[in-house]
Amino acid sequence: MFLANNQYSEIEEVARRILELVRSKKFRYRDISVITKNIDVYSNLCRAIFKEYDIPVFIDEKRDLSQNILVKYLISILDIFARNWSYDSVFNYIKCGFLNITPSDIYLLENYALKWEIKGSKWYKADWNFHDEDSTGKAKIDHINELRRKIVTPLVELKNNLSGNKTAKQISENLYNFLIKNNIDKVLESKIKELNDMQKVDIAAEYETSWKIVMQVLDEIVLVFGDENITFESY
Numbered sequence: 414m415f416l417a418n419n420q421y422s423e424i425e426e427v428a429r430r431i432l433e434l435v436r437s438k439k440f441r442y443r444d445i446s447v448i449t450k451n452i453d454v455y456s457n458l459c460r461a462i463f464k465e466y467d468i469p470v471f472i473d474e475k476r477d478l479s480q481n482i483l484v485k486y487l488i489s490i491l492d493i494f495a496r497n498w499s500y501d502s503v504f505n506y507i508k509c510g511f512l513n514i515t516p517s518d519i520y521l522l523e524n525y526a527l528k529w530e531i532k533g534s535k536w537y538k539a540d541w542n543f544h545d546e547d548s549t550g551k552a553k554i555d556h557i558n559e560l561r562r563k564i565v566t567p568l569v570e571l572k573n574n575l576s577g578n579k580t581a582k583q584i585s586e587n588l589y590n591f592l593i594k595n596n597i598d599k600v601l602e603s604k605i606k607e608l609n610d611m612q613k614v615d616i617a618a619e620y621e622t623s624w625k626i627v628m629q630v631l632d633e634i635v636l637v638f639g640d641e642n643i644t645f646e647s648y
């Protein structure tokens, strides 16, 4: 035990002791927890001092991420994989607002999927050719399949990249690459500009924060779990 003169000195001493434990090779960073009754007081201090000492840190703050627009988008992807491409999971993803698909095309696709009971591997195995002779022409079927491929192709690629044993770092990198490759950052920027132009500055600020929060969470997972093998479900 020790008595510090102030909070800064207290956390500095904690950082030094963590380094001693790790350098003794008896502990890894992920084996060590720092517990406090007042996380609001110590969180920023821990981040700053631990950074000076090159100590990776994950602050277990109670953050309500459920309403974060980008978190909702990522969860909708996970839901598709977990629920084997169910109707609800796929259209929750489509309606998140990050795909360049018009409301009329979503309506067209949704009606087709309902009518022909599209679910599971029907989404990605082959082009669709379900139609009534007098109701759906070839041009319409071709357009529907074009929409299907636009939705499915990046998801199948991501699922393949996440399959099997992967490290936490690899999963984080794949998720980040998926977001960048599909221009999700650019879509967010466009939404933020549109909201600011409409004087909806509070909502715009929330959208801007959503990207920063997700990037921070991905970084923290890499810092703490790094090369540890985990499944995507555990992640």
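Going from the sequence shown to the working numbering is simple: count from 1 and add 413.
From the three backbone atoms N, C-alpha and C, an ideal C-beta is built for every residue, glycine too.
Nothing here was measured: the structure is a model prediction, and the numbers come from that model.
CA-CA distance, residue i and residue j?
i    : j    : result
S603 : A618 : 13 Å
A581 : I643 : 6 Å
N451 : W536 : 49 Å
D518 : K599 : 22 Å
Y588 : G639 : Sequence inspection shows Leu at residue 588; the Tyr mentioned does not correspond to that position. Each residue's alpha carbon lies about 14 Å from the other.
G550 : H544 : 8 Å
K606 : I482 : 16 Å
P430 : C509 : What sits at residue 430 in the sequence shown is Arg, not Pro. Taking the straight line from one Cα to the other gives about 46 Å.
R386 : E641 : Since the displayed the chain opens at 414 and closes at 648, residue 386 lies outside it and no answer follows.
A461 : K438 : 25 Å
T449 : D555 : 60 Å
Tell me, please, whether the CB atom of residue i is closer than 9 Å to any CB atom in chain D?
i    : result
W624 : Protein chains in the displayed structure number just one, and chain D is not present.
Along the chain, where does the alpha helix (DSSP H) containing residue i start, and where does it finish?
i    : result
W624 : 614–638
I462 : 452–465
I493 : 482–495
I564 : 551–575
E607 : 597–610
R430 : 420–436
A526 : 516–528
S502 : 500–507
S585 : 581–594
Mind checking residue i: buried by the 16 CB within 10 Å criterion, or exposed?
i    : result
N513 : exposed
V614 : exposed
I597 : buried
I424 : buried
Y486 : buried
L522 : buried
Original post:
Would you call the stretch 439–456 and the stretch 622–630 touching, i.e. three or more CB-CB distances under 8 Å?
Top reply: no
Original post:
Quick check: the stretch 499–507 against the stretch 527–543, are there 3 or more CB pairs under 8 Å?
Top reply: yes
**OP:** Would you be able to state if there are at least three C-beta pairs under 8 Å between the stretch 485–494 and the stretch 564–582?
**Re:** yes
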